[in-house]
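Trainee: Take a look at this one; I'll ask things after.
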Amino acid sequence: MEAAVLRAHPEWGGSRVGDEVQAFSDFLFYVLDSPTLISELAIAIFDSESGFVEIFSGSQYKKSERGAEQRTNLLVIRYVPGHYQALVGPSRPSLTELCAALDKHGVLYVITDG
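Per my numbering, the very first residue in the sequence shown carries number 1136; after that it's consecutive.
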């Protein structure tokens, strides 16, 4: 991920990107349309401070028409200050199902497509 960010912003090396710098979910934007495995994923980040959900959808995620594959390729993560924690359950929703549940409960979210 860092390599993709640095290709787009080489001036960020050492100050905004690097071993000693905290990664941000915003960096996902730079790899969503790359020819890598991450482009097949959708990642939903639940921010525990704001109550907001930020969703990043890779360029290849929606190309899969199989619901089971979309469920497998949806990562759901909770952000608490200083940490990202995976939320994993025995059955996962697809991105469409997750958005329907968020809408039903009035949760604000934004989707960034790769």
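By construction, the Cβ of each residue, glycine as well, lies at the ideal position given by its N, Cα and C atoms.
Give a yes or no on whether the C-beta atoms belonging to Ser1192 and Asp1248 are separated by under 8 angstroms.
Mentor: Residue numbering aside, residue 1192 sits at position 57 when the sequence shown is read from its first letter. Residue numbering aside, residue 1248 sits at position 113 when the sequence shown is read from its first letter. Going by C-beta atoms, Ser1192 is nearer than 8 angstroms to Asp1248.
Trainee: With distances taken between CB atoms, is the gap from Ser1183 to Tyr1219 smaller than 8 angstroms?
Mentor: Start at 1 with the first residue of the sequence shown, and residue 1183 comes out as number 48. Start at 1 with the first residue of the sequence shown, and residue 1219 comes out as number 84. Not closer than 8 angstroms, so no.
Trainee: Mapping DSSP to helix, strand and coil, what is Thr1231?
Mentor: Locating residue 1231 in the sequence shown gives position 96, counting from the first residue. Looking at Thr1231 - three-state DSSP - the assignment turns out to be helix.
Trainee: Which full runs of the alpha helix (DSSP H) of 4+ residues lie inside the region 1160 to 1200, going along the chain?
Mentor: For the region 1160 to 1200, not a single whole alpha helix (DSSP H) run of length 4 or above is found.
Trainee: Leaving out five residues on either side along the sequence, give the residues of the same chain with a beta carbon under 6 angstroms from the beta carbon of Ser1229.
Mentor: Here residue 1229 refers to the residue found at position 94 when the sequence shown is read from its first residue. Around Ser1229: Gly1202, Gln1205, Arg1206.
Trainee: Per DSSP, Leu1265 forms a beta bridge with which residues?
Mentor: In the structure displayed, the chain extends from 1136 to 1249; residue 1265 sits before or after that span and is not available.
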